[in-house]
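All you need for our numbering is the position in the sequence shown, starting with 1, plus 783. Using N, Cα and C, we set each Cβ at its ideal position, and we do this for glycine too.
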Amino acid sequence: MYLLVILALPFIGSLLSSLMPANSRKLQASLAGAVAVACALLTLYAYPDIARGEVLESSRSWIPAHGLTFKLRMDGYAWLFSVIITAMGALIALYAHYYLSAQDPVRRFFSFLQAFMGSMLGVVLSGNLIQLVVFWELTSLSSFMLIAYWYHRMDARRGARMSLIITGTGGFCLLAGVLMLGQAAGSYDLGVVLESGEQIRNHPWYTGMLILIALGALTKSAQFPFHIWLPHAMAAPTPVSAYLHSATMVKAGVFLLARLWPALAGTTEWAVIIGGAGLCSLTLGAYVAMFQRDMKGVLAYSTISHLGLITLLLGLNSPLALVAAVFHMMNHATFKASLFMAAGIVDHETGTRNLNRLSGLRHAMPLTATLATVAAAAMAGVPLLNGFISKEMFFAETILAGNGNTWEYALPVVAVIAGSFSVAYSLRFIAQVFFGPVAKDLPRQPHEPPRRMLIPSAILVLTCLLVGVIPSLTFGPFLHTATSAILGSDMPQYDLAVWHGFNLPLIMSLLATAMGVVFVLIINRFYKNRQGRTPLLTRADGRRFFEVVMEYLEVASNWAVGKLYSPRLQRQTLLIIVATLCVAALPLARGNWFKSTISTPVDPFFAVMWAVGIACAIGAARQAKFHRPASLLLSGGAGLVTSLTFAWLSAPDLALTQLAVEVVTVVLILLGLRWLPQRVSDMPGAQDNSGRALLRRSRDLIIAILAGCGIAALAYAMMTRPHPSGISPFFIEKALPLGGGANVVNVILVDFRGFDTFGEIVVLGIVALTVFALLRRFRPPIEAIAQPLARRQNVTDSREAVFVEPDPKMPLPEGIMQIPAVLLRLLLPISTLIALYFLLRGHNLPGGGFVGGLIMATGIILQYMVSGVVWMESRPLIQPQTWIGLGLLTAGVAAMLVWAFNKPFLSAQSWDLHLPLIGEVHTSSALIFDIGVFMLVIGSTILILVALAHQSLRFYRKLPSLRSASNAASGMENK
784 MYLLVILALP FIGSLLSSLM PANSRKLQAS LAGAVAVACA LLTLYAYPDI ARGEVLESSR
844 SWIPAHGLTF KLRMDGYAWL FSVIITAMGA LIALYAHYYL SAQDPVRRFF SFLQAFMGSM
904 LGVVLSGNLI QLVVFWELTS LSSFMLIAYW YHRMDARRGA RMSLIITGTG GFCLLAGVLM
964 LGQAAGSYDL GVVLESGEQI RNHPWYTGML ILIALGALTK SAQFPFHIWL PHAMAAPTPV
1024 SAYLHSATMV KAGVFLLARL WPALAGTTEW AVIIGGAGLC SLTLGAYVAM FQRDMKGVLA
1084 YSTISHLGLI TLLLGLNSPL ALVAAVFHMM NHATFKASLF MAAGIVDHET GTRNLNRLSG
1144 LRHAMPLTAT LATVAAAAMA GVPLLNGFIS KEMFFAETIL AGNGNTWEYA LPVVAVIAGS
1204 FSVAYSLRFI AQVFFGPVAK DLPRQPHEPP RRMLIPSAIL VLTCLLVGVI PSLTFGPFLH
1264 TATSAILGSD MPQYDLAVWH GFNLPLIMSL LATAMGVVFV LIINRFYKNR QGRTPLLTRA
1324 DGRRFFEVVM EYLEVASNWA VGKLYSPRLQ RQTLLIIVAT LCVAALPLAR GNWFKSTIST
1384 PVDPFFAVMW AVGIACAIGA ARQAKFHRPA SLLLSGGAGL VTSLTFAWLS APDLALTQLA
1444 VEVVTVVLIL LGLRWLPQRV SDMPGAQDNS GRALLRRSRD LIIAILAGCG IAALAYAMMT
1504 RPHPSGISPF FIEKALPLGG GANVVNVILV DFRGFDTFGE IVVLGIVALT VFALLRRFRP
1564 PIEAIAQPLA RRQNVTDSRE AVFVEPDPKM PLPEGIMQIP AVLLRLLLPI STLIALYFLL
1624 RGHNLPGGGF VGGLIMATGI ILQYMVSGVV WMESRPLIQP QTWIGLGLLT AGVAAMLVWA
1684 FNKPFLSAQS WDLHLPLIGE VHTSSALIFD IGVFMLVIGS TILILVALAH QSLRFYRKLP
1744 SLRSASNAAS GMENK
């Protein structure tokens, strides 16, 4: 159970951070740190069981029909990564408290940071492949938010966009590969997949699924050729870089490769794809890092290089190489996060990260210089530090990987060259910043940061030192626990020791160190004034290549839009209807759909009513061109006939919903119609009676008739076919025993088809937010305002209306229907009670959350109509965005609540409660879900209403100025 607590705590903390005051930096950092520490302690609590080789699991039914469960799985490997994620998160929270300024929106930062922490924990703890991909994409989304934290900066927006596109595309590839992998293994359960390695490697899909999974992993870990996003992600705040781009997010790719190593590794394809990408990233990243002039640029390319080292080790198909890879994952997280923190401190205290401007900071910042120097030495692989041991293991594996083939000499040589590059950029990073003469032209006078800001870096540097001096005591047991969880019986023998004698790996290390020093001298001698431009690669610009690709995609999109788009929306509507018509015709083309055994006599009264409805529909279509209010009124009449038809066919739920929807939509559309430009006869095309126009209208009429008849045919076929052959009897028989409700329609919506309903309310909330966002910047067209202004100014031609800039100080209009307003204020509590009545009775009688929400929204709409926008918004009656969020949250909680009772997601759990003065009450978790629907419908409807009503405010702000201008003009004429 506590695995679920570990996963849930960061998301709960993220929600709490979003609700805290915006300027409470200390409180925000304390909450984030407390959440991370709590998760770390819970993870450490599991170590005794993990050390014994146990695998801790916690599962809940998710989609049992497809064999999917929400499963959390912690073995030694997942435990080690969980410790890194949570412990590093606590250190970053402390560091960020001092790094962020008082002007930064800390609430947003810590909320996204904790959401990312939870997403990463979801990746490492997932025991189901589909679930892993879901959390994988959440890491991409939350990292996008963090990279774009300073969204006022162009480089932050570009870097976030690039990272999301590349890692998001890789995530889609990963999803496809995971689906194939699950089919090949016969299960999406991670444990089953890891035990099916032989079956997967012999499967015909092996190469395809390997390529897709490799694309997902390599894009996330910024491996060649997808490495270009990581340097541009350095526009993020340094705490983000220290957490995401050194210790966690970029480790997700190599984590996944090691996680799936038992299932996918051991083939030539694996060695070529994974090892080849790692080799290219190792050398290219290290080479480019030597010539960067930005401190974070050096660290970014060095991260690509070290991740390439890990990927290369994983691609060697050797168990001992996997041990070295896992060891270096942990080592890299410690020294690289510490170096990012040092870069942030230097930038924070001096105002620049430019290596050409920084020099001699050891005098003003001795503690920072000491910590950064030790961390950089660990990155370079200096003895008695953790990086040295993993580098020795890497050199040893490159020697053993040859096996007498062409790689026998080439791979060790490349390893030495890459190691020398690592020494070069590490030495240059420290020498140029902290040594040499004291810089005189810095933006700010350098000084040591607050001592507590140095604590996270000091802890990480101390870890580097302890692991480097006594590795077998400090990290040996953890490494063995992690790697044995991956390798099992294939676990090799190895020795974590500082000294293995004077051997070939030591000679390679010494040679790499000497060559690195020589490279630094060459760079300082010949390339000091060209730093930032990489020799031999001056024309290679990853960002330019990415932007060229995106530009071609935009050109192709513009071409498609030009062919498919029309400002009048007719072309788009035509394509949608034709495509729908073709797809809907497919079932009618097969089967005996119209051989009905049911004969339903038609009541003459309803035949007349349908004739009225048809007349209203035809009239609405006819009047839509010039008389929009009349058309809207007629369409409402057709909707009313539809509602009565549902009631006649014994579908009271549908009738209630249709009636409420008609009321709300008619009012909202009416508010929107007033801002559309008037259709006048002298407009171009208004009287276009040419043959082409006649042909187009005839085509549209035929398609409309076909679409309408097709829908009618499908509806007739569905309603007249024999019920025993369909699914209807199942719903009728199982609604009460399985769903706990007598209203079959409501049980279908909140239980049997709860996924559909949940998706629909999510779409409804997105639509409402989109409408609100679009209308915030919408300004009514001139033609829409010209007609009423002309009438107010007594101007015959609307084009002669006088327009003046709005005066924001002018008073806004109150409601003008004072007596009805007072009466309707008394009606609002009544409509609220009616809405609650329909909400609470919906599980057993006609009603439900959707109908109740629409009734409540109708009562609020009436208040808007008679009391005025200003009066309504000055009362704290409702905050639409809050209700949308709370509605989704409530529905989601209801969907997951049943996990506590070992039931599948969105099932119903019933309770019989005894309430004082009321007695026995039967209720269900479906009621909570319905309450969420109720809240979201209210919030979405009112949000759209607010967006439309604000157009009226902008219009009325113009009127006083326009009236004054008109009066002044009249006075001048009289004179």
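Quick check on the DSSP output: the alpha helix (DSSP H) that includes Glu837 runs from which residue to which? Counted from its first residue, the sequence shown places residue 837 at position 54. No alpha helix (DSSP H) contains Glu837, which DSSP labels as neither H nor E.
Only counting runs of 3 or more residues, tell me where the beta strand (DSSP E) segments fall wholly within the region 838 to 926, in order along the chain. 839 to 846 and 851 to 857
Between the CA atoms of Val1530 and His1626 - distance to the nearest angstrom: The residue labelled residue 1626 in the question sits at position 843 within the sequence shown. The residue labelled residue 1530 in the question sits at position 747 within the sequence shown. Going from the Cα of His1626 to the Cα of Val1530 covers about 7 angstroms.
Can you tell me which of Ile795, Lys809, Leu1497 and Ile1213 puts its alpha carbon nearest to the alpha carbon of Val1300? The residue given as residue 1300 occupies position 517 in the sequence shown. The residue with the shortest Cα to Cα distance from Val1300 is Ile1213.
Quick check on DSSP: helix, strand or coil for Asp1534? In the sequence shown, the residue the question calls residue 1534 occupies position 751. Reduced to three states, the DSSP call for Asp1534 is helix.
Can you list, in chain order, the stretches of the alpha helix (DSSP H) that have 4 or more residues and sit fully within the region 1599 to 1654? 1601 to 1624 and 1632 to 1650
C-alpha distance - Leu1552 paired with Glu1175, whole-angstrom precision: In the sequence shown, counting from the first residue as 1, residue 1552 sits at position 769. In the sequence shown, counting from the first residue as 1, residue 1175 sits at position 392. Distance between the alpha carbons of Leu1552 and Glu1175: 56 angstroms.
Short of 7 angstroms in beta carbon distance, which residues of its chain neighbour His1131, apart from the five on each side in sequence? Order them along the chain. Along the sequence shown, one-based indexing puts residue 1131 at 348. Excluding residues within five positions, the ones whose Cβ falls inside 7 angstroms are Tyr882 and Pro1232.
Could you name the residues that DSSP lists as bridge partners for Gly816? Against the sequence shown, residue 816 aligns to sequence position 33. None, per the DSSP bridge assignment.
Assign Asn1169 to buried or exposed, taking buried as 16 or more other Cβ atoms, counted over all protein chains shown, within 10 Å of its Cβ. Position 386 of the sequence shown, counting from 1, holds the residue named residue 1169. Burial call: buried.
Write down the C-beta distance between Ile1093 and Leu1043 rounded to the nearest angstrom, noting that I regard them as a contact closer than 8 angstroms. Here the question's residue 1093 lines up with position 310 in the sequence shown. Here the question's residue 1043 lines up with position 260 in the sequence shown. No, Ile1093 and Leu1043 are not in contact; Cβ-Cβ is about 15 angstroms, not under 8 angstroms.
Compute the beta-carbon to beta-carbon distance between Met900 and Pro793, rounded to the nearest angstrom, for a pair I have assumed lies under 8 angstroms. Locating residue 900 in the sequence shown gives position 117, where the first residue counts as 1. Locating residue 793 in the sequence shown gives position 10, where the first residue counts as 1. Indeed they touch by this definition, with Cβ atoms about 4 angstroms apart.
So, with DSSP's three-state summary, where would you put Gly1271? On the sequence shown, position 488 is the one that residue 1271 refers to. Here Gly1271 sits in helix by DSSP.
Going along the chain, which residues of its own chain have a beta-carbon closer than 7 angstroms to the beta-carbon of Gly816, five neighbours each way excluded? Residue numbering aside, residue 816 sits at position 33 when the sequence shown is read from its first letter. The answer, listed in chain order, is Ala873, Ala876 and Leu877.
Pick from Pro1435, Val1449 and Gly1668: whose alpha carbon is nearest that of Val1545? The residue given as residue 1545 occupies position 762 in the sequence shown. When only C-alpha atoms are compared, the closest one is Gly1668.
Can you tell me where the alpha helix (DSSP H) holding Asp938 begins and where it ends? In the sequence shown, residue 938 corresponds to position 155, counting from 1. Run containing Asp938: Met937 to Ala968, per the alpha helix (DSSP H) assignment.
What are the start and end residues of each continuous beta strand (DSSP E) run of 3 or more residues lying completely inside the region 1138 to 1218, in chain order? none
For Ser1349, the three-state DSSP class (helix, strand or coil): Residue 1349 sits at position 566 when you count from the first residue of the sequence shown. Coil.
Cβ pair Gln1692, Val1681 closer than 7 angstroms: Residue 1692 sits at position 909 when you count from the first residue of the sequence shown. Residue 1681 sits at position 898 when you count from the first residue of the sequence shown. Yes, Cβ-Cβ distance for Gln1692 and Val1681 is below 7 angstroms.
By Cβ distance below 7 angstroms, which residues in the same chain neighbour Ala1238 in space, the five residues on each side in sequence not counted? Along the sequence shown, one-based indexing puts residue 1238 at 455. Residue identity check: residue 1238 is Ile in the sequence provided, not Ala. Cβ within range, chain order: Leu877.
Mapping the DSSP letters down to three states, classify Ser1255 as helix, strand or coil. Translated into the one-based positions of the sequence shown, residue 1255 becomes position 472. Residue state, collapsed to three classes: helix.
Could you tell me if Leu896 is buried or exposed, where buried requires 16 or more neighbouring beta carbons within 10 angstroms of its beta carbon? Against the sequence shown, residue 896 aligns to sequence position 113. Buried.
Closest to Thr1440 by CA distance: which of Ala1116, Gln1353 and Met1639 is it? Position 657 of the sequence shown, counted from the first residue, corresponds to residue 1440. Among Ala1116, Gln1353 and Met1639, the Cα nearest to that of Thr1440 is on Met1639.
Rounded to whole angstroms, what is the Cα-Cα separation between Ala834 and Ala819? Position 51 of the sequence shown, counted from the first residue, corresponds to residue 834. Position 36 of the sequence shown, counted from the first residue, corresponds to residue 819. Approximately 22 angstroms, taken between the alpha carbons.
As assigned by DSSP and simplified to three states, the class of Leu1248: Position 465 of the sequence shown, counted from the first residue, corresponds to residue 1248. Reduced to three states, the DSSP call for Leu1248 is helix.
Backbone CA spacing between Ile1401 and Ala1394 [nearest angstrom]: Numbered from its first residue, the sequence shown carries residue 1401 at position 618. Numbered from its first residue, the sequence shown carries residue 1394 at position 611. Looking at the two C-alpha atoms, the distance is approximately 11 angstroms.
Straight-line gap, His1283 to Phe853 (C-alpha atoms, nearest Å): Along the sequence shown, one-based indexing puts residue 1283 at 500. Along the sequence shown, one-based indexing puts residue 853 at 70. Using only the alpha carbons, I get a separation of about 46 angstroms.
How should Val1366 be labelled, buried or exposed, when 16 other C-beta atoms within 10 angstroms of its C-beta is the threshold for buried? Position 583 of the sequence shown, counted from the first residue, corresponds to residue 1366. Label assigned to Val1366: exposed.
Assign His1114 to one of two classes, buried (16 or more other C-beta atoms within 10 Å of its C-beta) or exposed (fewer than that). For the purposes of this step, residue 1114 is taken as the residue at position 331 of the sequence shown. Residue 1114 is actually Asn in this sequence, not His. Looking at its Cβ environment, which holds 16 or more other Cβ atoms inside 10 Å, Asn1114 is buried.
Spell out the partners DSSP gives Asp1695 in its beta bridges. Here residue 1695 refers to the residue found at position 912 when the sequence shown is read from its first residue. The partner list for Asp1695 (beta bridge, DSSP) reads His1705.
Where does Asn911 land, buried or exposed, given buried means 16+ other C-beta within 10 angstroms? Start at 1 with the first residue of the sequence shown, and residue 911 comes out as number 128. That one is buried.
Report, in whole angstroms, the separation of the C-beta atoms of Arg1145 and Leu1225, which I expect to be a contact under 8 angstroms. The residue labelled residue 1145 in the question sits at position 362 within the sequence shown. The residue labelled residue 1225 in the question sits at position 442 within the sequence shown. Going by Cβ atoms, the distance from Arg1145 to Leu1225 rounds to 14 angstroms, so no, they are not a contact pair.
Proximity of Val1450 and Ile1644 at Cβ, strictly below 7 angstroms: Here the question's residue 1450 lines up with position 667 in the sequence shown. Here the question's residue 1644 lines up with position 861 in the sequence shown. Going by C-beta atoms, Val1450 is nearer than 7 angstroms to Ile1644.
Going by DSSP in three states, Asp1224 sits in which element: helix, strand or coil? Along the sequence shown, read from residue 1 onward, the residue named residue 1224 stands at position 441. DSSP places Asp1224 in coil when its eight states are reduced to three.
Terminal residues of the alpha helix (DSSP H) in which Tyr1084 lies: Reading the sequence shown from its first residue, position 301 is the one you call residue 1084. Unbroken alpha helix (DSSP H) run through Tyr1084: Met1078 to Leu1097.
Would you report the Cα separation of Pro1589 and Arg1136, rounded to the nearest angstrom? As a working note, residue 1589 is residue 806 in the sequence shown. As a working note, residue 1136 is residue 353 in the sequence shown. Bear in mind that a pLDDT of 45 at Pro1589, under 50, signals an unreliable position, so the number given afterwards is only what the model happens to contain. Straight-line Cα distance between these residues: approximately 47 angstroms.
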